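For the sequence shown, the numbering used here begins at 336 and goes up steadily by one.
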Amino acid sequence: MAAGRQAEATDSKWATPSNSQPTKEEPLAGLLDLGGLALEQDSPSDSTASKSRQGDGLTRRERNEQYKLTKKRTEAYATLQRMEKICDLSTVFDQRPRKTMCIVNIGFGAVGGATVAELEAVFSEFEGFERVVMKLGKPYSFVTFRSGENAQAAHEVLHERMCEPLGKILFLEYLTHRNFAYLADRVSPDDTESELLDASRGLHYFDDFITEQEEKDIMEHIRIDEEAEIARNNGSDKWTQVQERYVKHYGHSFDYHTKHVGSDSLTASTELPPWMQPFIDRIRTKLPGYPGTPNQLTIQRYPPGSGIAFHTDSHTAFTDMIVILSMGSPVQMDFRKPASHDSLVTIDLEPRSLVVMTGEARYGWEHAIRMRRSDLVDGRVRERCERWSITIRTINEQMTCNCAFSALCDTNSQMVQRLRRERV
Ligand SMILES: O=C(O)CCC(=O)C(=O)O
Ligand SMILES: [Fe+2]
């Protein structure tokens, strides 16, 4: 469903009649309202005219500047509206500060467009700048900050102002994460996204991947490893608490501040636990394309009520094929594809099951376990007990990604660019 048809129209700033389909030939009435402004020519003999104020308190020059600004704004917003077939832009842009903004009039194919580096140079002057996202063929682009307040600070300085380094007036509008993904990642406005997320889209689920005895054995290994850690490290183990759950890394760690691969000192061991090897071999028999040797493993313990927020496993930290083995309590995992307004897929992760995310499911969807004490399954409340999971991944040595899902991709985030520079 098109973004413009999804949300309630609440503001008439960009509104056009709801049954009108914007076309190039028939521009948008609301947008072309130039507020009664018209360009006034200075006559050569009239050198002081531009300085004298008219009835509206503006000089002729100021009024002409305002006319040009309005005309530029009108053209830029109309282009976006026409390309995305959005009837009412107020259903896409948010009045409240959001961490992502649309740069309405600068993009990859825009007349007088800019490069990613040029935009980065402008926005990196502001605190919390994260990344610029530009898509081939779109005359508008996107900029993301750490928080809505950070974005707001940049908006206050840059919106509708001449940006000298770019030689352009910038038009900036706040976007929700969903509308960002919708505008940035959807291939064509005519795409109708199905709610289906299955093996054809890269989500593979194997129930009873391990036996009850194997589950017990793994839990026993985890317990023994913990005792050994405590003995080695003067009474402390390698579990760390992240929100309400507990995590432990093998092979490589994951740093929840940089949202990337972290220091080896945070691992329980720089090797994967040898007791997992038979199961890694088993994944290969189930999934013929499974990459050679995964080298990062995370064990997580979820007390009832805990979960993990919606996220995509970092594209630049890990390669394709994310594998999760579940033990203990069953739990529901939700998937959403932000570029679609209709997707929310819930799967039940049974104990001893294995889930594999690859391709679109891995790069183009987010997954989460809601923080709650029970799940509703087939109309019945199922209380959660303690759940354990083992995530198995392979480090992305290139630390880059060229997927088609830029709203979820961290390849040009400031943090990842910094990590790449530090590594060289
Ligand atoms: O514990 C799980 O099932 C999910 C883990 C996960 O999504 C992650 O660590 O990225
Ligand atoms: Fe994940």
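Don't be surprised by glycine CBs; every beta carbon is placed ideally from N, CA and C.
Note that the structure is a prediction, hence the values are computed from the model and not measured.
At least one heavy atom of ligand 1 lies closer than 7 Å to the C-beta of I704. For H646, the three-state secondary structure derived from DSSP is strand.
The criterion of a C-beta distance shorter than 8 Å is satisfied by S724 and I659.
Leaving aside the five residues that flank F458 on each side, the residues in its chain whose CB is nearer than 7 Å to its CB run, in chain order, F464, V467, V478, A489. Counting along the chain, the unbroken alpha helix (DSSP H) around L493 starts and ends at 483 to 493. Around the beta carbon of L689, 16 or more other beta carbons sit within 10 angstroms, so the residue counts as buried.
Taking a contact as a CB-CB distance under 8 Å, the pair R728 and D648 counts as one, their CB atoms being some 7 Å apart. In this chain, I441 is not harboured by any alpha helix (DSSP H), its DSSP state being neither H nor E.
Rounded to whole angstroms, the separation of the alpha carbons of I615 and I557 is 16 Å.
A residue is called buried once 16 or more other Cβ atoms fall within 10 Å of its Cβ, and D713, having fewer, is exposed. When DSSP reads this structure, K503 sits in a beta bridge with C498. Runs of beta strand (DSSP E) with 3 or more residues, each lying fully within the segment 571 to 609, are found at 575 to 577, 580 to 585, 588 to 590, 595 to 597, 602 to 604, listed in chain order. Below 8 Å, too few C-beta pairs join the segment 667 to 676 and the segment 586 to 605 to call them touching: fewer than three. D745 has its alpha-carbon roughly 37 Å from the corresponding atom of R567. Inclusion of L510 and T435 in the CB contact set at 8 Å is warranted, their separation being smaller than that value. In the three-state reduction of the DSSP assignment, V680 falls in the strand class. Classified as buried, V582 has 16 or more neighbouring CB atoms from the shown chains inside 10 Å of its CB.
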